[in-house]
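Let me begin by presenting the structure, written as structure tokens, before commenting on it.
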Amino acid sequence: MTFKIHVGVRKKELIWSLLFVSLILCITVAYFQYEKVMFLKLTSEINTGNLGTIGWQKYWKNMAFIRITYTASLVAATLLCSLNLARIIWRKRLSQLEAVTELASTGDLRHRLEIPRDEWETLAQRFNNLSFHLANLVDTVKTSTADWQKAIEKLAETLEGSAQARNNFYQHLTYIRESAQEQLNVLIQSTTLANKISEGLKRLDERQKISSQWSSECRGMISETVSILDSVTRQLREFRSAFNKGQEYHELILSQGEPWSHHMISLKSLTGRLASFIIEVALEAAKSGRDDLIASAEELHRSLQNINLLLEETQTRISKLLDIVQVDLKAAQRILAELNLLEEQCSSLQDTWQELEGKMRAKEALEQEEIQERYGELKESAQILVQSLEEPLSVLRNLLLHWPKEEGEPDWAEIHIHLKRLLRLGERLHALAAQYKI
């Protein structure tokens, strides 16, 4: 249903509106009275002929000022009245919304807002939808509460009806406790032994996994190291062969350098003798007055001097080269000795790693043999345990199969829930035996 609320306008706002309207009416009446008086005055002066040009100007100036003042006052009063009326209308909408919201907060969701044809239309529609959905939710909650209340009442009746069955169940549980106590003691002892065996098998399995993993890693590292040593040894041999070739080249330079040095010395002495001979020839030519022979001797002497300088420079370079080659040859001999020693060490290290790999394989075989022996011992212990558990398990099964029939006994499912706790240990032991193939 649509809820309409008629809220009265406040006295203060109504008084102000009336005052504005009265002010507009008074101004309008005063203006018309003034125009009437002025018109009569103007008519009388015109009739008497006393109104001049200045009088007419003052009159129209006063009339224009009065019209402007009146128009501005009228516009201001109209605006104030409009704002006051708009405020009254908006306050009325807010008052309606507050009233409906207050009713909804108290739980009364039947009322709805009147949907106007202005800016409040969307807000009113959404508020009405909210009230509708809240009312549906309240109805649903009430229905669900009634259903739950009925279910609780039925549950209370069921609990009252099962009180006798609970008493009978407790009597049967006492019988089970007295009958199975002896077999439970046997199961407790077997449980201790089974836990020890289980822990031993777990430790043995972990040890075997760790040992296998460590052995495989060590074998992989040894194989990789041996391959690296093989590669290093092969590279050392190649380097030594190349180094030997370089050493042979140095020895060839030394063997050929010394004779060349002696040849340079011989050539130098020969050029010295030739220079002295050319000087003697030049002196003889000077005595005989042969200028062409003197010029040739001088040119030949200069050539011999250049050859002598070139021979000296060549001898110096050959001497330096021989010194450098001798130093390099000594260093190469030391490096070759170190290479031989390094090759011997690599070969020895390779033999050591191969020996270590053999020891690792022997150690792994020994550990596997010890693990197999330990596994056999645990297997025998587990077989003895399984045989010892067969008797109490058979007794418990007979207890379940030959339960005393009484009137009002509980459901078999409830009995199995409590008795399976005793059988669960035996099933775990059978599962353990099947896991390790006992």
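The end of the sequence shown is residue 474 by this note's numbering, with every number in the run present.
Where a beta carbon is used, it is the ideal one built from N, C-alpha and C, also for glycine.
field: Other residues of its chain near Pro440: CB distance less than 6 Å, five sequence neighbours each side excluded
entry: As a working mapping, residue 440 is identified with position 404 in the sequence shown. For Pro440, the predicted structure reports a pLDDT of 49, less than 50, and the residue's modelled location is therefore unreliable. A value from the coordinates is still provided. Correct list: empty, nothing qualifies.
message: Quick check: the Cα distance between Ser312 and Leu319, rounded to an integer number of angstroms?
response: Taking the first residue of the sequence shown as position 1, residue 312 is located at position 276. Taking the first residue of the sequence shown as position 1, residue 319 is located at position 283. Straight-line Cα distance between these residues: approximately 11 Å.
query: To the nearest whole angstrom, what separates the beta carbons of Ile315 and His337, a pair I think is in contact under 8 Å?
result: The count along the sequence shown starts at 1 and reaches residue 315 at position 279. The count along the sequence shown starts at 1 and reaches residue 337 at position 301. Confirmed, Cβ separation roughly 7 Å.
- prompt: In whole angstroms, what is the alpha-carbon distance linking Glu391 and Glu235?
  reply: Numbered from its first residue, the sequence shown carries residue 391 at position 355. Numbered from its first residue, the sequence shown carries residue 235 at position 199. Their backbone Cα atoms lie some 36 Å apart in a straight line.
- prompt: If you draw a straight line from the C-alpha of Pro446 to the C-alpha of Asp183, how long is it?
  reply: Within the sequence shown, numbered from 1, the residue matching residue 446 stands at position 410. Within the sequence shown, numbered from 1, the residue matching residue 183 stands at position 147. Because Pro446 carries a pLDDT of 45, less than 50, the predicted location of this residue cannot be relied on, and no value is offered for it.
query: What do you reckon, are the CB atoms on Phe56 and Leu139 nearer than 9 Å?
result: Within the sequence shown, the letter at position 20 stands for residue 56. Within the sequence shown, the letter at position 103 stands for residue 139. In this structure, Leu139 does not lie closer than 9 Å to Phe56 by Cβ.
- prompt: Is the Cβ-Cβ distance between Phe163 and Val136 less than 9 Å?
  reply: Within the sequence shown, the letter at position 127 stands for residue 163. Within the sequence shown, the letter at position 100 stands for residue 136. In this structure, Val136 lies closer than 9 Å to Phe163 by Cβ.
query: Measuring from the CB of Asn376, is there a heavy atom of the ligand ATP at a distance below 8 Å?
result: This structure lacks the ligand ATP, and indeed carries no ligand of any kind.
task: Give me the Cα-Cα distance between Gln185 and Thr179, rounded to the nearest whole angstrom.
output: Looking up residue 185 in the sequence shown gives position 149. Looking up residue 179 in the sequence shown gives position 143. Computed Cα separation, rounded: 10 Å.
field: Cα-Cα separation, Ala187 to Asp175
entry: Within the sequence shown, residue 187 is the residue found at index 151, counting from 1. Within the sequence shown, residue 175 is the residue found at index 139, counting from 1. Ala187 and Asp175: Cα-Cα distance of roughly 19 Å.
- request: Can you have a look at Leu130 and say buried or exposed, based on whether 16 or more other CB atoms are within 10 angstroms of its CB?
  value: As a position in the sequence shown, residue 130 is number 94, starting the count at 1. Exposed: under 16 other Cβ atoms inside 10 Å.
message: Taking the straight line between their C-alpha atoms, what separation do you get for Gly444 and Lys190?
response: Your numbering for residue 444 matches position 408 in the sequence shown. Your numbering for residue 190 matches position 154 in the sequence shown. Unreliable placement is indicated for Gly444, whose pLDDT of 47 sits below 50; the coordinate value is still reported in the next sentence. Spanning the two alpha carbons is a distance of roughly 21 Å.
Pairwise C-alpha distance: Lys356 and Leu346: The sequence position of residue 346 within the sequence shown is 310, counting from 1. The sequence position of residue 356 within the sequence shown is 320, counting from 1. So the alpha carbons of these two residues sit roughly 15 Å apart.
message: Relative to the C-alpha of Lys245, which candidate in Glu400, Arg353, Lys395, Thr64 has its C-alpha closest?
response: Reading the sequence shown from its first residue, position 209 is the one you call residue 245. When only C-alpha atoms are compared, the closest one is Glu400.
query: Can you name, in chain order, every residue of its own chain whose Cβ lies under 6 Å from the Cβ of Val363, other than the five neighbours on each side?
result: In the sequence shown, counting from the first residue as 1, residue 363 sits at position 327. Answer for Val363: no residue qualifies.
field: Between the CA atoms of Asp359 and Ala398 - distance to the nearest angstrom
entry: As a working note, residue 398 is residue 362 in the sequence shown. As a working note, residue 359 is residue 323 in the sequence shown. When rounded, the distance between both Cα atoms is 59 Å.
- prompt: Straight-line CA distance for Leu133 to Asn172?
  reply: To locate residue 133, count along the sequence shown from 1; it is residue 97. To locate residue 172, count along the sequence shown from 1; it is residue 136. Rounded to the nearest angstrom, the two C-alpha atoms are 21 Å apart.
message: Looking at chain D, is there any beta carbon in it that lies within less than 9 Å of the beta carbon of Gln390?
response: Of the chains in the structure shown, none is chain D; there is only one protein chain.
field: Where Leu115 falls: helix, strand or coil (DSSP)
entry: As a first step, residue 115 is located in the sequence shown; it is residue number 79 there, counting from the start. In this structure, Leu115 counts as helix in the three-state DSSP scheme.
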